[in-house]
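Before any comments, here is the structure.
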Amino acid sequence: MLNDLNPSWSFGDTGEYVRRVTSGMPPVIVTCATTGEHRKRDHPGLPTSAAEQAEAAKVLFAAGASIIHIHGRVVGDPDRTANDPQTYGVINEMIRAAAPELLVDNTQTIAEVPVAPREFLGRIYQYQTAPIEARPDLMALNPGPMTFRGGAEWPSGVYITTFDETERIANALREAGIKPQVFLYHPGHLDLLEHLITRQALDPPYFVQLVFGQHSGINPGPESVLYMLRNLPRNCLFQTCALGLHAIQVNTLALLLGGHVRTGMEDSLLFQKDQVVKSNVQLVERVVRIAGELGRRPAAAEETRAMLGLPPYRA
756 MLNDLNPSWS FGDTGEYVRR VTSGMPPVIV TCATTGEHRK RDHPGLPTSA
806 AEQAEAAKVL FAAGASIIHI HGRVVGDPDR TANDPQTYGV INEMIRAAAP
856 ELLVDNTQTI AEVPVAPREF LGRIYQYQTA PIEARPDLMA LNPGPMTFRG
906 GAEWPSGVYI TTFDETERIA NALREAGIKP QVFLYHPGHL DLLEHLITRQ
956 ALDPPYFVQL VFGQHSGINP GPESVLYMLR NLPRNCLFQT CALGLHAIQV
1006 NTLALLLGGH VRTGMEDSLL FQKDQVVKSN VQLVERVVRI AGELGRRPAA
1056 AEETRAMLGL PPYRA
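Here it is, written out as structure tokens:
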């Protein structure tokens, strides 16, 4: 079970770090982000349908993941991201039938904001709250704004929100009994986290996802990770994710520092340089193995709930 040390502490405190290494770090919460915005043409093994997500959930739970992060797809069109509560409700129900103890984490969903092409070059998206009705255990809470480079198939875009809107969503999540995971993409988002805490819109421990290497976000170097950790408020439980080949580097650093990790095909379709990943479970098995070498085992679902301040699972 959990070490009697609180799994949340001042991560910039060197003395506390040394003490915890000696006494034993907490078990590691492993989240698998299975799909993201990728499509079947990007990887044929990507789980996109509700049935595929549920089947993946069962295998991932057995491999050591205690949270699954879900991006839904429009039924009959696996290339289109779903933004409605009904789709997420079906996915969540099927996952819970396949792996009842696994915690379900839904993405926040978005909606495009109409804008005249001559007035703005790119697309504008507003963060939404559709999954709240689907009652996941956790939901991503994105502070924004974030801007993303375009490409051959996608125009550049910006994701918008405000302090007040983020606070409103945080309160709505609390009322629904859903734990928010606050995504921090760069140091400026630390200010918004402090705002939510000051406004008492979040309940401790504050579950934060530190994202590295995203467009307009902080880079995935070690100093970036350490900077974000040194400036986290107290009572935070941090998890890291990074894009592409940086994912395992950043996650290994998080494991060393007593944090928790997110892996999965949403974050990287590569296992190593020039080696395409076989499946989500391959990525989970890797972080579990590395954690074990560092003296940390994967947190069981009930331990994850306890660390996040969530009620025990009831069948």
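No gaps in the numbering here: position 247 of the sequence shown is 1002 in my numbering, and each next residue is one more. For every residue, glycine included, the Cβ atom is placed at its ideal position computed from N, Cα and C.
Where residue i falls: helix, strand or coil (DSSP)
i, result
"Leu992", "strand"
"Leu939", "strand"
"Val830", "coil"
"Asn926", "helix"
"Gln955", "coil"
"Ala931", "coil"
"Gln740", "Lying outside 756 to 1070, the shown extent of the chain, residue 740 is not represented and no answer is given."
"Pro1053", "strand"
"Thr789", "coil"
"Leu1025", "strand"
"His1001", "helix"
"Phe962", "strand"
"Gly770", "helix"
"Arg1017", "strand"
"Tyr982", "helix"
"Ile1045", "helix"
"Val1120", "Lying before the first or after the last residue shown, residue 1120 is absent from the chain, which here runs from 756 to 1070."
Residue i, buried or exposed, once every other Cβ within 10 Å from all chains shown has been counted against 16
i, result
"Val773", "exposed"
"Thr786", "buried"
"His970", "exposed"
"Gly819", "buried"
"Asp832", "exposed"
"Gln1027", "exposed"
"Gln1030", "exposed"
"Glu1058", "buried"
"Arg775", "buried"
"Asn974", "exposed"
"Thr789", "buried"
"Thr777", "exposed"
"Gln955", "exposed"
"Leu957", "buried"
"Leu896", "buried"
"Leu1049", "exposed"
Same chain, Cβ closer than 6 Å to residue i, neighbours up to 5 away in sequence not counted
i, result
"Ala885", "Asn838, Asp839, Pro840, Thr864"
"Gly791", "His826, Glu1021"
"Met849", "Ala805, Ala809"
"Ala852", "none"
"Gly905", "Ser911"
"Ala931", "Ile887"
"Val1043", "Gly819, Pro1053"
"Ala1009", "Thr995, Val1016"
Nonlocal neighbours in the same chain, by C-beta distance under 8 Å from residue i, ignoring five residues either side
i, result
"Leu939", "Pro898, Leu945, Leu948, Val963, Gln964, Leu965, Val966, Met983"
"His793", "Leu801, Met1020, Glu1021, Leu1024"
"Ala1070", "Pro855"
Pick from the options that is closest to residue i, judged by C-alpha positions
i, options, result
"Arg878", "Ala854, Phe903, Asn861", "Phe903"
"Thr917", "Leu893, Gln883, Glu908", "Gln883"
"Gly827", "Val937, Arg775, Pro959, Thr803", "Thr803"
"Arg1041", "Ala1061, Asp1029, Met849, Val1016", "Val1016"
"Glu920", "His950, Ala931, His970, Pro975", "His950"
"His824", "Ala811, Ala817, Asp832", "Ala811"
"Ala805", "Thr769, Asn861, Ala907", "Asn861"
"Pro869", "Glu856, Tyr1068, Val913", "Val913"
"Leu893", "Leu1011, Ile933, Pro977, Pro1053", "Ile933"
"Val830", "Cys991, Cys996, Gly844", "Gly844"
"Ile1003", "Glu856, Thr769, Ala1046, Leu876", "Ala1046"
"Pro942", "Gly968, Leu928, Arg929, Asn926", "Gly968"
"Arg737", "Val814, Ala907, Lys813, Pro959", "Any property of residue 737 remains undetermined from this structure, which presents the chain solely from 756 to 1070."
"Leu815", "Gly1064, Pro1066, Gln1037", "Gln1037"
"Met901", "Trp909, Tyr880, Glu908", "Tyr880"
CB contact below 8 Å: residue i versus chain B
i, result
"Asp958", "No chain B is part of this structure, which consists of one protein chain only."
Contacts around residue i, its chain only, beta-carbon distance under 7 Å, and the 5 residues preceding and following it disregarded
i, result
"Ile952", "Tyr961, Pro988"
"Gly767", "Leu984, Arg985"
"Thr1007", "Ile1045"
"Ala889", "Pro840, Tyr843, Gly844, Asn847, Asn861"
"Ala1056", "Ser821, Glu856, Leu857, Leu858, Tyr1068"
"Ile784", "Ser821, Ile822, Gln994, His1015, Ala1054, Thr1059, Met1062"
What beta strand (DSSP E) runs, 3 residues minimum, are completely inside the region 798-859? Counting only runs of 3 or more, we get 822-825, 832-836.
Let me know the beta strand (DSSP E) ranges lying completely inside the region 860-908, each 3 residues or longer, listed in chain order. Unbroken beta strand (DSSP E) stretches of 3 residues or longer found wholly inside the region 860-908: 865-868, 878-882, 893-896, 901-903, given in chain order.
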